[in-house]
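Oh and the sequence shown: position 48 is 48 in this note's numbering, straight run, nothing missing.
Glycine included, C-beta positions come from ideal geometry on N, C-alpha and C.
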Amino acid sequence: MQSFYSKQPNFHPKTIPCVLGIETSCDETGIALYHGQKGLIAHSLYSQIELHNLYGGVVPELASRDHILKILPLLQETLTVANLTLSAINGIAYCAGPGLAGALLVGAAFGRSLGWALGIPTLGVHHMEAHLLAPMLEEHVPDFPFIALLVSGGHTLLAQVNGIGDYKILGVSLDDAVGEAFDKTAKLLGLNYPGGPAIAALAEQGQAKQYAFPRPMVNRPDCNFSFSGLKTFVSTTLKNSDQAEQTKANIAHEFQAAVADTLVIKAMRALKQTGLRRLVVAGGVAANTWLRKELANMAATHNFTLYYPRPSFCTDNGAMIAYLGYRRLNLGQSDNLGIKTIARYPLDQLD
Ligand code: KG4
Ligand code: ZN
């Protein structure tokens, strides 16, 4: 297997103060500038949600085309907000994967070419690694080692994080990712894409404990997950109901509660098995208020500390790419002139 980060010798000076981050792996175009001393200088995001809403999910070809339209104006906007020009950028990081191949290619071709034109080190970085380190952009920063619960549209995993690039996977979803389960369940309930925020909003109108949803795989001793059964449970429950709006809200409430309980139980297990007391929660689903409340209750009872990115940095953004790029470029890593995209790559096989 091709390695994600090449192990070539350093060919750039170790200090790269200001890094441009570019995210185009799915349906958000994100651009940001991260500076070693000043922190996050500026960031801009364009979400394609409205574009894909019509189709009930992300249409890859439309996503790529829209990134092409938005990437340059967003870069200009970010520089304007920061009151900087391109000459202030010392390094470039773009998201090289995992993600949609065509969407990744836009950010990768743009980032690698801009890096070449400016004559500065450029690095394609890993999307999930960027999510995992996003809490480092906040004031409340975790020390290594910690447990990370990564919950996004494409991935669900628990990992022990010992340092940059040192990740041990403790558990993964054996079927649907948790965000995917939210999205599919939302569709069943007649809600718009993305399903997570739509279900969270509907669940607020729901009454608790009207249905007995299962907590999948919690009786197994490991840290793996399974969410496709919950989606099926929603489908059956809905079919056998009056399908009224209140009924849908009650179902949304219990679905969300079942997902949150399952995540909390497995995260607790990972903390217990490793003896660690720091839990980072990142990825789109980490923006979920109900999940945060349940985790906070558990943290208070069991005496561990929680770390999150702010909700807007839980979902895809350029800031997390710029931060990861800053860290890795300053370890001396950069890519050759190849434009790198890797649609799938396991997190625990990075350097
Ligand atoms: O991390 P992300 O932006 O993209 C991926 O890397 O996949 O995650 C998107 C996922 C979607 O499935 C979306 O429904 C879910 O995160 N999501 C949420 C919330 N906000 C976004 N799920 C539950 N509650 C939310 N508030
Ligand atoms: Zn993501």
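Quick one: grab the DSSP three-state call for residue i.
i	result
V58	coil
S173	strand
V161	strand
G325	helix
G21	strand
F233	helix
D348	helix
F4	coil
D222	coil
How big is the Cα-Cα spacing for residue i and residue j?
i	j	result
V172	L20	31 angstroms
N90	F213	52 angstroms
Y326	I16	7 angstroms
A88	M320	19 angstroms
G107	A32	13 angstroms
A71	Y211	One point to set straight first is that residue 71 is Ile, not Ala, in the sequence displayed. Going from the Cα of I71 to the Cα of Y211 covers about 46 angstroms.
Y193	L271	33 angstroms
P25	P98	Residue identity differs from the one stated: residue 25 is Ser in this sequence, not Pro. Using only the alpha carbons, I get a separation of about 7 angstroms.
V58	T78	25 angstroms
Spatial neighbours of residue i within its chain, please: CB distance less than 7 angstroms, with the 5 preceding and 5 following residues excluded, ordered by chain position.
i	result
S152	H131, A177, G179, G283, G284, V285
D66	Q48, L51
T262	R215, P216, V218, F225
G338	none
Q256	I199, A200, A203, W290
E129	L324, L347, L350
Identify, in the order they occur along the chain, each residue of the same chain with its Cβ nearer than 8 angstroms to the Cβ of residue i, setting aside the five sequence neighbours on each side.
i	result
K231	D176, A181, K184, T185, L188
H140	Y307
K7	D351
Would you say residue i reaches chain D, if we count a Cβ-Cβ gap shorter than 7 angstroms as a contact?
i	result
E61	As a matter of chain content, chain D is missing from the structure shown, which is built from one protein chain.
Among the residues of its own chain, which have a CB less than 6 angstroms from the CB of residue i, if the five just before and after it don't count?
i	result
G229	P216
E245	none
Residue i: buried (16+ other C-beta within 10 angstroms of its C-beta) or exposed?
i	result
F304	buried
F227	buried
H126	buried
N162	exposed
V234	buried
G111	buried
Q243	exposed
S312	exposed
A208	exposed
H43	buried
query = Curious, which full-length beta strand (DSSP E) runs of at least 3 residues does the stretch 102-159 contain?
reply = 122-126, 146-151
message = My parser needs the alpha helix (DSSP H) runs of 4 or more residues fully inside the stretch 189-213; what are they?
response = 195-203
inquiry  = Give the list of continuous alpha helix (DSSP H) stretches no shorter than 4 residues that lie fully inside the stretch 236-312.
reply    = 245-274, 289-302
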